[in-house]
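Some notes on the structure that comes next.
In this note's numbering, the protein residues as written are -15 to 522.
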């Protein structure tokens, strides 16, 4: 939604909203960015005849509300439903929010409709609780509505629990106080008896299987209770302004309903209802155009229009009202930046079909900066058919310029647009190459710098590993050892049975030769012994 106002205001495009149950105030478009683009006010101004509404939303916050669907819990969807319901209210309405489990708490006491930020802050205080006591949630809502001054008082109860049977007296007291109650039951555990309670309370019962529908149901119920955003009755539109879309139309068919809105002072109201409410309105929004058709274009409210012979021409007229004026002269727009890059220069050249310069043009220009912010382009004529605008452009990014030209007699000349890219300052630009660093990396890793493509995959003087398959060899070895294993275990051979074989296979021990030194000592000893024996003989 934030992009649509920029799309129309800055880029000169068109936006149309067609009526129905999901459009204008009934569709929850109040206090949204789109509401400011429309040529109608979504809050009717007739506060005297309009009924004001006192609404209390009673939300179940028991432990079962932690159940998730699509990554979103029931309680989160309930909070979103409260916010969507607030979009169906107007400034003089009163809103309150009660959260209950075994007991109850006021997340938002009943008060004049607060701003969206306050509502979000109030919803953030609601957390998961314990059991489910529906009476504890309805009682404070009943007391609060009984104490306020409102023409319409209503309670919307959201729960996934089973209905108690101890609050029929409370529902009857609410009916006596002209307070109604509608019930939204979610999940498979909802008790069908809740429908009887809603009927007894003068409201409606919604059984919700698809949790994502809860916010939409809350908004629809709020709009229905308020009874002011949709008017359903037969009427014939009145032509208030002979614009091109209705210039040749005389007898208009009947319509059977419309969305209630109010006129904007600067808008052109082309068709109105019998009570003066806008039916077809148009206005200029920045460089673009916006159209509001508050009835629908299908069989619910416009069945006679759809069958009307002039209907195709009427729809084409609506589309023409959204388009920018055609270019009748030669317009060209160029953009450039100054040397220092701090400013952008836009130069527009204008000439008619014969090439003669167009002077004294009224130029309305808008510039869309990289942050999606808009700025005015003020052009000054600097030569015959030449105009120039200079604007600051210090932020890097894409700039889009749109210019509408009008002749001195008020006739539109045309629209022209262009774009401009502002780069970052040169100090942020990285060097394109660093051959010294690349050469160092190649040296440290044993690679090469800038090799030819054919040599990139060559790897000379480098060992190459080879993977050999061993499964087949191991299989043959297993087959050879298998019979031997069986034989050894079957014959029950002992180790002693193999001793003779091992003995024959073992080589005989040979005496080690005596070392020379020991041999000489032995010979000397033996010689001494012989000499001693010879001396002792008598």
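A virtual CB, placed ideally from N, CA and C, is assigned to each residue, including glycine.
From a predicted model like this one, the values you see are computed outputs, not experimental measurements.
Residue i Cβ short of 7 Å to the ligand FAD heavy atom set
i	result
residue 466	Ligands displayed in this structure: none; no statement on the ligand FAD is therefore possible.
Identified DSSP bridge partners for residue i
i	result
residue 264	255 and 277
residue 333	316 and 370
residue 44	84
residue 466	In DSSP, residue 466 forms no bridge with anything.
residue 143	169
residue -6	Answer is none; residue -6 lacks a bridge partner.
residue 526	One cannot answer for residue 526 here, as it falls past the ends of the chain, which runs -15 to 522.
residue -1	274
residue 192	170
residue 246	25
residue 73	The partner list for residue 73 (beta bridge, DSSP) is empty, contrary to what the question assumes.
residue 524	Absent from the structure is residue 524, since the part of the chain shown begins at -15 and ends at 522.
residue 137	38 and 163
residue 214	243
residue 5	Beta-bridge pairing links residue 5 to no other residue.
residue 436	None; residue 436 has no bridge partner.
residue 328	321 and 375
residue 341	335
residue 95	79
Terminal residues of the alpha helix (DSSP H) in which residue i lies
i	result
residue 362	Run containing residue 362: none; DSSP gives neither H nor E here.
residue 107	100 to 107
residue 296	295 to 306
residue 121	118 to 130
residue 152	152 to 160
residue 220	Premise fails: residue 220 is in no alpha helix (DSSP H) and is neither H nor E.
residue 199	198 to 210
residue 393	Where residue 393 is concerned, there is no enclosing alpha helix (DSSP H), given that its DSSP letter is neither H nor E.
residue 180	177 to 184
residue 290	287 to 290
Residue environment, residue i, which counts as buried when at least 16 other CB atoms sit within 10 Å
i	result
residue 190	buried
residue 32	Low per-residue confidence applies at residue 32: pLDDT is 44, beneath 50, and the placement is therefore not dependable, though the value from the model is reported in the following sentence. Exposed is the call here.
residue 509	exposed
residue 204	buried
residue 75	exposed
residue 153	exposed
residue 6	exposed
residue 350	buried
residue -15	exposed
residue 381	exposed
residue 400	buried
residue 88	buried
residue 14	buried
residue 245	buried
residue 393	exposed
residue 434	exposed
residue 418	exposed
residue 71	buried
residue 185	buried
residue 282	exposed
residue -11	buried
Inter-residue CB distance, residue i and residue j (contact presumed, cutoff 8 Å)
i	j	result
residue 163	residue 123	Not quite, the Cβ-Cβ distance comes to about 12 Å (not below 8 Å), so this is no contact.
residue 386	residue -4	5 Å
residue 299	residue 0	With a Cβ gap of about 10 Å, residue 299 and residue 0 do not count as contacting.
residue 373	residue 363	5 Å
residue 155	residue 165	7 Å
residue 80	residue 40	4 Å
residue 403	residue 384	5 Å
residue 65	residue 213	Not really, about 18 Å apart at Cβ, beyond 8 Å.
residue 110	residue 91	5 Å
residue 36	residue 134	5 Å
residue 256	residue 249	About 15 Å separates the two Cβ atoms, so there is no contact after all.
residue 315	residue -2	With a Cβ gap of about 19 Å, residue 315 and residue -2 do not count as contacting.
residue 45	residue 59	6 Å
residue 584	residue -13	Absent from the structure is residue 584, since the part of the chain shown begins at -15 and ends at 522.
Segment limits, beta strand (DSSP E) that includes residue i
i	result
residue 348	346 to 352
residue 70	Per DSSP, residue 70 belongs to no beta strand (DSSP E); it is in the alpha helix (DSSP H), 58 to 70.
residue 386	381 to 390
residue 422	Careful: residue 422 lies outside any beta strand (DSSP E), inside the alpha helix (DSSP H) at 419 to 429.
residue 396	396 to 406
Interface flag, residue i vs chain D, CB-CB below 8 Å
i	result
residue 405	Note that chain D does not occur in the displayed structure, where there is just one protein chain.
* Spell out a yes or no on whether the segment 229 to 243 and the segment 189 to 207 are touching, meaning 3 or more CB-CB pairs, one atom from each, closer than 8 Å. => Contact annotation: the segment 229 to 243 does not touch the segment 189 to 207, with fewer than three C-beta pairs closer than 8 Å.
* Taking contact to mean at least 3 C-beta pairs separated by less than 8 Å, is the segment 102 to 110 in contact with the segment 134 to 142? -> Here the segment 102 to 110 does not lie against the segment 134 to 142, with fewer than 3 beta-carbon pairs under 8 Å apart.
* Are at least three pairs of beta-carbons, each pair with one atom in the segment 254 to 274 and one in the segment 53 to 72, less than 8 Å apart? -> Using a C-beta cut-off of 8 Å, the segment 254 to 274 makes no contact with the segment 53 to 72, since fewer than three inter-stretch Cβ pairs fall below that distance.
* For the segment 336 to 350 against the segment 289 to 304, are there 3 or more C-beta pairs whose distance is under 8 Å? -> Contact between the segment 336 to 350 and the segment 289 to 304 is absent: fewer than 3 CB-CB pairs across the two stretches fall below 8 Å.
* Would you call the segment 81 to 100 and the segment 235 to 244 in contact, with 3 or more CB pairs under 8 Å? -> No: the two stretches stay apart, fewer than three of their Cβ pairs being nearer than 8 Å.
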